[in-house]
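J.:
2 protein chains.
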Amino acid sequence: MGNVTASSRDRIFDAARTLFERDGFAATGVREIAARAGVTPALVIRYYGSKEALLLATMGADETITQIVRGPLEDLGRELVRHILEVSAPGFARRGVFGALVRASDREAVRQRLRQTAEVTTIGPLRERLDGPDADLRARLVSAALLGLITAIEIFGDTDLASADAVRLTAIYGSTIQSLVDPACGGTGHASGSLPSSAPSAP
Amino acid sequence: MGNVTASSRDRIFDAARTLFERDGFAATGVREIAARAGVTPALVIRYYGSKEALLLATMGADETITQIVRGPLEDLGRELVRHILEVSAPGFARRGVFGALVRASDREAVRQRLRQTAEVTTIGPLRERLDGPDADLRARLVSAALLGLITAIEIFGDTDLASADAVRLTAIYGSTIQSLVDPACGGTGHASGSLPSSAPSAP
DNA sequence: GTCTATAGGTGGATAGAC
DNA sequence: GTCTATCCACCTATAGAC
Numbered sequence: 037m038g039n040v041t042a043s044s045r046d047r048i049f050d051a052a053r054t055l056f057e058r059d060g061f062a063a064t065g066v067r068e069i070a071a072r073a074g075v076t077p078a079l080v081i082r083y084y085g086s087k088e089a090l091l092l093a094t095m096g097a098d099e100t101i102t103q104i105v106r107g108p109l110e111d112l113g114r115e116l117v118r119h120i121l122e123v124s125a126p127g128f129a130r131r132g133v134f135g136a137l138v139r140a141s142d143r144e145a146v147r148q149r150l151r152q153t154a155e156v157t158t159i160g161p162l163r164e165r166l167d168g169p170d171a172d173l174r175a176r177l178v179s180a181a182l183l184g185l186i187t188a189i190e191i192f193g194d195t196d197l198a199s200a201d202a203v204r205l206t207a208i209y210g211s212t213i214q215s216l217v218d219p220a221c222g223g224t225g226h227a228s229g230s231l232p233s234s235a236p237s238a239p
Numbered sequence: 037m038g039n040v041t042a043s044s045r046d047r048i049f050d051a052a053r054t055l056f057e058r059d060g061f062a063a064t065g066v067r068e069i070a071a072r073a074g075v076t077p078a079l080v081i082r083y084y085g086s087k088e089a090l091l092l093a094t095m096g097a098d099e100t101i102t103q104i105v106r107g108p109l110e111d112l113g114r115e116l117v118r119h120i121l122e123v124s125a126p127g128f129a130r131r132g133v134f135g136a137l138v139r140a141s142d143r144e145a146v147r148q149r150l151r152q153t154a155e156v157t158t159i160g161p162l163r164e165r166l167d168g169p170d171a172d173l174r175a176r177l178v179s180a181a182l183l184g185l186i187t188a189i190e191i192f193g194d195t196d197l198a199s200a201d202a203v204r205l206t207a208i209y210g211s212t213i214q215s216l217v218d219p220a221c222g223g224t225g226h227a228s229g230s231l232p233s234s235a236p237s238a239p
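Protein chains in written order, with the numbering used here: chain F, 37 to 239; chain Z, 37 to 239.
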């Protein structure tokens, strides 16, 4: 916060972020990070405590999703999909932030970060904006649907999906997600008639 | 194949599968597997070559999804969601097969397995059954949507999603996925009017 | 503030004997 | 077929010099 000098600490930060995103957490050694930053391995630990803590420090949340969720509701699905495709595109600056965390999800601390990030950046803000029944559940499912797209592209490495026509993909999957955003107001193709009434569930 | 005696090899297999699913790949040591199987660590490697090969050997595909995809199309979305919730339920026998692989997705061989499994068990069979334009893309998106749900529950550990009313969740998300299965035949709530005509895209 | 040197501990994998 | 003993690489952390 407010640091003016770009010192070893920052070079370690940058080196770690780059290598975690490119090679993954397990394959990236503290020695590699140190070498790329031009320091010794000991300094990496001294500044950040551990390799895991360094991972969590470098992998920040994507605030753009929150901004989109706070925007107009009519095109929310398409806007979210469009953004996911944008950040998943090869060459994008923050590409791999999500992938690096998921690939390191063997660690409980990483899973907690993923859970918390989804809750804070997407589910929470979205829940408060949704009308109709099951707002919380639908917000979670919007998050899950986005999660699946980004996982298919960045983790599974589905090149057919990544190289698909972004316009068509956005139109199709955006509409799919939009059906979760819009309250099921009868006869729009939703099987909303079979839904039980919106009785609050959790005591 | 055709082995009658349950020998050390099988005990190693069972021990590895249990521990990988419960504790994850990284947290499970070869020594632990060996101890649980009642053999020495050396034998584990001798039989399966490496810990990674043992993971791939134990983590088989879920053939039930393929059976569902080959079933009736009208309720495909709901049936798929219902099945995902079933296998993700605590206490289910195969719980964690998917999660164990994703949590180990730091390794390229594991990612390849995930990609191939999705292609063979879901995307391929589904693509051939879909009518209308963009069958391949829609099949991939159905797979991605399921992926997101299972990832949210098993990787992120969204307990609110896991403990949600299965009937409501199945109805909502099942309909969402069903909208990808059904060809967009105009006026069912889909913004299909904004879709460009099904012109082949890639030059 | 930064570095050298080092030590402990873990874990996968191998060689060769029984 | 199974075991014993061992190798090697790596992460983590500490102590203390410049």
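A virtual CB, placed ideally from N, CA and C, is assigned to each residue, including glycine.
Starting from T102 (chain Z), follow the alpha helix (DSSP H) in both directions and report where the run begins and ends.
T.: Here the alpha helix (DSSP H) through T102 (chain Z) covers 99-105.
J.: Less than 8 Å between CB atoms is the rule here; does V138 (chain F) satisfy it with respect to chain Z?
T.: So, interface residue.
J.: Return the Cβ separation of R58 (chain Z) and G132 (chain Z) in integer angstroms, given the expectation that the two are a contact with Cβ distance under 8 Å.
T.: Between G132 (chain Z) and R58 (chain Z) the Cβ distance is about 7 Å, and since that is below 8 Å, they are a contact.
J.: If you draw a straight line from the alpha carbon of D196 (chain F) to that of G96 (chain F), how long is it in whole angstroms?
T.: In a straight line, the C-alpha of D196 (chain F) is about 28 Å away from that of G96 (chain F).
J.: Which residues, taken in chain order from the stretch 78-112 of chain F, show a beta carbon closer than 8 Å to some beta carbon of chain Z?
T.: Listed by position, the residues of the stretch 78-112 of chain F near chain Z (Cβ gap below 8 Å) amount to none.
J.: Tell me, please, whether the CB atom of L116 (chain F) is closer than 8 Å to any CB atom in chain Z?
T.: L116 (chain F) does not count as touching chain Z.
J.: Cα-Cα, which of F:A181, F:R163, F:L183, F:G193 is closest to P219 (chain F)?
T.: It is F:R163.
J.: Just reading off the alpha helix (DSSP H) that T153 (chain Z) is part of, what are its end residues?
T.: Unbroken alpha helix (DSSP H) run through T153 (chain Z): 144-154.
J.: Here's the rule: buried if 16 or more other CB atoms are within 10 angstroms of the residue's CB, otherwise exposed. What is Q152 (chain Z)?
T.: With fewer than 16 Cβ atoms within 10 Å of its Cβ, Q152 (chain Z) is classed as exposed.
J.: For a quick check, are the C-beta atoms of S17 (chain Z) and A198 (chain Z) less than 8 Å apart?
T.: In the structure as shown, chain Z begins at 37 and stops at 239. Residue 17 (chain Z) is therefore absent and cannot be evaluated.
J.: If we call anything under 8 Å between Cβ atoms a contact, is R204 (chain F) one with L173 (chain Z)?
T.: Against a cut-off of 8 Å, the Cβ pair of L173 (chain Z) and R204 (chain F) comes out as a contact.
J.: Under a Cβ-count criterion, where at least 16 other Cβ atoms within 10 Å of its own Cβ denotes burial, should V156 (chain Z) be classed as buried or exposed?
T.: Exposed: under 16 other Cβ atoms inside 10 Å.
J.: Does DSSP put L166 (chain F) in a helix, a strand or coil?
T.: If DSSP states are grouped into helix, strand and coil, L166 (chain F) belongs with coil.
J.: Could you have a look at F192 (chain Z) and say whether DSSP puts it in helix, strand or coil?
T.: In the structure shown, F192 (chain Z) sits in coil (DSSP, three-state: anything other than H, G, I, E or B).
J.: Could you work out which residues of chain F lie near T212 (chain Z), taking near to mean beta carbons separated by less than 9 Å?
T.: Neighbours of T212 (chain Z) on chain F, chain order: L177, A181, T212, I213, S215, L216, H226.
J.: Rounded to a whole number of angstroms, what is the C-alpha to C-alpha distance between Y83 (chain F) and R45 (chain F)?
T.: Spanning the two alpha carbons is a distance of roughly 7 Å.
J.: With a threshold of 8 Å between beta carbons, is A62 (chain F) in contact with chain Z?
T.: So, interface residue.
J.: Measure from the C-beta of G193 (chain Z) to each C-beta in chain F and report whether the shortest distance is under 8 Å.
T.: Yes - at least one Cβ of chain F is within 8 Å of the one on G193 (chain Z).
J.: If you count every other CB in all the chains shown that lies within 10 Å of the CB of Q214 (chain F), and 16 or more means buried, which is it?
T.: It is buried - the Cβ of Q214 (chain F) has at least 16 other Cβ atoms within 10 Å.
J.: Just to make sure I have the definition right: I need the residues of chain Z whose C-beta is within less than 7 Å of the C-beta of A200 (chain F). Which are they?
T.: Chain Z residues near A200 (chain F): L173.
J.: List, in chain order, every chain Z residue whose beta-carbon is nearer than 8 Å to that of L205 (chain F).
T.: Going along chain Z in sequence order, the residues near L205 (chain F) (Cβ under 8 Å) are L173, L177.
J.: Flag this pair as yes or no: are the beta carbons of T187 (chain Z) and L216 (chain F) separated by less than 8 Å?
T.: It is not a contact, given that the beta carbons lie outside the stated cut-off.
J.: Let me confirm a value: A42 (chain Z) is counted as buried when at least 16 other C-beta atoms fall within 10 Å, else exposed. Which label applies?
T.: Counting Cβ neighbours within 10 Å, A42 (chain Z) comes out exposed, since fewer than 16 surround it.
J.: Are any of the Cβ atoms in chain F nearer than 8 Å to that of R53 (chain Z)?
T.: It does not; no Cβ of chain F falls within 8 Å.
J.: What separation, rounded to the nearest whole angstrom, lies between the Cα atoms of K87 (chain Z) and V146 (chain Z)?
T.: When rounded, the distance between both Cα atoms is 12 Å.
J.: Is G65 (chain Z) helix, strand or coil when you go by DSSP?
T.: It is coil, neither helix nor strand.
J.: Secondary structure at E110 (chain F), three-state DSSP: helix, strand or coil?
T.: Coil, per DSSP.
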